[in-house]
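Undergrad: Protein chains in written order, with the numbering used here: chain D, 58 to 171; chain C, 20 to 137.
For reference, the structure I am asking about is given below.
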């Protein structure tokens with residue numbers, strides 16, 4: 058069974074600074090997908106960034122980037138130039154594909170302070 | 020259209036009531052999902068539909084009955100619920116991924132139905 062671990066229940070950062078959220082996972086699969094989702098108080102789960110396991114290159118989406126270390130089974134999220142609107146719960150998630158479970162970590166509550 | 024629409028947004032029901040949650044998407048996704056989320060917890064998978072057929076049931080009690088009438092619509096029928104079933108119910112959709120090295124794969128979530136059982 059796959060597991061996803063987020064070891065930081067809560068984090069805070071000052072506006073405009075950079076913060077890194079950590080995520081590790083455990084799987085015996087070689088092909089899979091990793092995601093970071095953001096859930097603000099409005100409760101909508103918003104896809105922040107995705108990574109295909111077969112790709113060596115780390116994914117980036119504007120201010121968001123990941124450090125994907127496949128051998129170490131690590132998938133951290135870096136948020137640059139943090140904005141107040143980044144305040145949310147962030148979930149790391151793993152799946153083998155659409156007919157398999159999307160397994161979430163317990164989440165990291167990120168607060169961006171003015 | 021890049022959205023998953025869920026209705027109603029809020030629902031209060033008694034333990035003897037029958038109600039339904041609705042989820043709709045028009046992105047051509049052929050996989051649809053129901054998740055249950057308790058406060059300050061991650062979502063937990065309930066059901067997966069692939070090409071309108073139930074492919075995963077995560078041992079959900081029979082008081083929850085899913086239905087996928089067509090490729091755009093997913094329902095969750097509720098009957099004789101318990102107060103502990105109160106939660107946020109999230110619907111999601113995705114492409115059906117046959118080979119796990121396909122690009123541009125991701126799940127789109129709706130904003131959920133906040134269910135309270137009294």
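All C-beta atoms in this analysis are idealised placements derived from N, C-alpha and C, irrespective of residue type, glycine included.
Could you check what DSSP says for residue 102 of chain C in three-state terms: helix, strand or coil?
TA: Taking the second chain and counting its residues from 1, the one referred to as residue 102 of chain C is at position 83. Reduced to three states, the DSSP call for residue 102 of chain C is helix.
Undergrad: Short check: CB of residue 87 of chain C to CB of residue 68 of chain C, under 8 Å?
TA: Sequence index remark: in the second chain, residue 87 of chain C carries index 68 (1-based). Sequence index remark: in the second chain, residue 68 of chain C carries index 49 (1-based). Yes, the pair counts as a contact, with Cβ atoms nearer than the cut-off.
Undergrad: Can you pull the chain D neighbours of residue 61 of chain C, defined as C-beta to C-beta under 7 Å?
TA: Walking along the second chain from the start, residue 61 of chain C turns up at place 42. Those within 7 Å of residue 61 of chain C in chain D are 148, 161, 162, 163, 164.
Undergrad: Could you tell me the alpha carbon to alpha carbon distance between residue 97 of chain C and residue 83 of chain C, rounded to whole angstroms?
TA: Translated into positions along the second chain, residue 97 of chain C becomes position 78. Translated into positions along the second chain, residue 83 of chain C becomes position 64. Each residue's Cα considered, the two are about 5 Å apart.
Undergrad: I need the straight-line Cα distance from residue 30 of chain C to residue 110 of chain C, nearest angstrom please.
TA: Position 11 of the second chain holds residue 30 of chain C. Position 91 of the second chain holds residue 110 of chain C. Each residue's Cα considered, the two are about 15 Å apart.
Undergrad: Return the residues of the region 114-135 of chain D that lie within a Cβ-Cβ distance of less than 9 Å from chain C, sorted by chain order.
TA: Residues passing the 9 Å Cβ filter: none.
Undergrad: Could you tell me the alpha carbon to alpha carbon distance between residue 141 of chain D and residue 74 of chain D, rounded to whole angstroms?
TA: The sequence position of residue 141 of chain D within the first chain is 84, counting from 1. The sequence position of residue 74 of chain D within the first chain is 17, counting from 1. Their Cα atoms are separated by approximately 11 Å.
Undergrad: For chain D, check one thing: does any of its Cβ atoms lie closer than 8 Å to the Cβ of residue 64 of chain C?
TA: Counted from its first residue, the second chain places residue 64 of chain C at position 45. Yes, because at least one Cβ of chain D sits closer than 8 Å to the Cβ of residue 64 of chain C.
Undergrad: Below 9 Å on C-beta distance, what does residue 158 of chain D contact in chain C?
TA: By one-based count along the first chain, residue 158 of chain D stands at place 101. Here the neighbours are 64, 67, 75, 77.
Undergrad: Considering only the alpha carbon of each residue, which of C:126, C:52, C:134 lies closest to residue 94 of chain D?
TA: Mapped onto the first chain, residue 94 of chain D falls at position 37. Comparing Cα-Cα distances from residue 94 of chain D to each of C:126, C:52, C:134, the minimum goes to C:126.
Undergrad: Tell me whether the region 49-61 of chain C and the region 158-167 of chain D touch, counting them as touching only if at least three CB pairs, one residue from each stretch, are closer than 8 Å.
TA: Yes, since at least three Cβ pairs between the region 49-61 of chain C and the region 158-167 of chain D fall closer than 8 Å, the two stretches touch.
Undergrad: Would residue 65 of chain D count as contacting chain C if we go by Cβ distances under 8 Å?
TA: Within the first chain, numbered from 1, the residue matching residue 65 of chain D stands at position 8. Taking Cβ atoms only, chain C never reaches closer than 8 Å to residue 65 of chain D, which makes this a no.
Undergrad: Buried or exposed for residue 27 of chain C, please, with buried defined as at least 16 other CB atoms from any protein chain shown within 10 angstroms of its CB.
TA: Along the second chain, read from residue 1 onward, the residue named residue 27 of chain C stands at position 8. Label assigned to residue 27 of chain C: exposed.
Undergrad: Going along the chain, which residues of its own chain have a beta-carbon closer than 6 Å to the beta-carbon of residue 102 of chain D, five neighbours each way excluded?
TA: Position 45 of the first chain, counting from 1, holds the residue named residue 102 of chain D. Around residue 102 of chain D: 94, 96.
Undergrad: Check whether the Cβ atoms of residue 108 of chain C and residue 135 of chain C sit closer than 8 Å, and answer yes or no.
TA: The residue you call residue 108 of chain C lines up with position 89 of the second chain. The residue you call residue 135 of chain C lines up with position 116 of the second chain. No.
Undergrad: Checking the sheet assignment: what are the DSSP bridge partners for residue 91 of chain D?
TA: To locate residue 91 of chain D, count along the first chain from 1; it is residue 34. According to DSSP, residue 91 of chain D bridges with D:108, D:151.
Undergrad: For residue 88 of chain D and residue 109 of chain D, what's the separation of their Cα atoms in angstroms?
TA: Taking the first residue of the first chain as 1, we reach residue 88 of chain D at position 31. Taking the first residue of the first chain as 1, we reach residue 109 of chain D at position 52. Answer to the nearest angstrom: the Cα atoms are 8 Å apart.
Undergrad: If we define contact as Cβ-Cβ less than 8 Å, is residue 47 of chain C a contact residue for chain D?
TA: Taking the second chain and counting its residues from 1, the one referred to as residue 47 of chain C is at position 28. Closer than 8 Å: no.
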